[in-house]
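A.B. asks: Structure below; questions to follow.
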């Protein structure tokens, strides 16, 4: 996503870049456009959801630090078509059931991301009823 500042990737005008990219990919008839709604490292601020919504007519899937209530609200309001859960899903192999039953979530362990072992990817427990 153009607003994401990971590894120092900062654009001088992320809103214009987002709108330009949306215009360029619109004719490709993609199944969906999946994007981060913000900056993972909080270096840049902007409303990527609004930029994409106003510039792209296809299916839009947004991601980045949504809770279930906000995700539902964004979908109900037509701001996005779907919301993806990355870190929450990694940390909660039973994420759908936890959401349905309002069970507490495991906290993700970012220090285990992008490592060479399975630790942090397949060792999170399911909810113990």
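In the working numbering, the protein residues as written are 2 to 130.
Even glycine gets a Cβ: it sits at the ideal position worked out from N, Cα and C.
1) Tell whether a beta-carbon distance below 9 angstroms holds between residue 42 and residue 5.
2) What did DSSP end up calling residue 97 once you bin it into helix, strand or coil?
3) List the endpoints of the continuous beta strand (DSSP E) containing residue 61.
4) Suppose contacts are defined by Cβ-Cβ distances below 9 angstroms. Is residue 33 in contact with residue 60 by that definition?
5) So, helix, strand or coil for residue 83, using DSSP?
6) Measuring alpha carbon to alpha carbon, tell me which of 35, 46 and 24 ends up nearest residue 13.
7) Looking at the secondary structure, which residues open and close the beta strand (DSSP E) in which residue 37 lies?
8) Return the CA-CA distance between residue 102 and residue 123, expressed in angstroms with no decimal places.
9) Below 8 angstroms on the Cβ atoms is my contact criterion, and I expect residue 67 with residue 84 to pass it. Report the Cβ-Cβ distance as a whole number of Å.
10) Are there 16 or more other CB atoms within 10 angstroms of the CB of residue 64, so buried, or fewer, so exposed?
11) Under a three-way DSSP split, which group does residue 120 fall into?
12) What does the Cβ neighbour count give for residue 3, buried or exposed, with the cut at 16 atoms within 10 Å?
C.D. replies: Here's the rundown:
1) yes
2) helix
3) 61-64
4) yes
5) strand
6) 46
7) 34-37
8) 22 angstroms
9) 5 angstroms
10) buried
11) coil
12) buried
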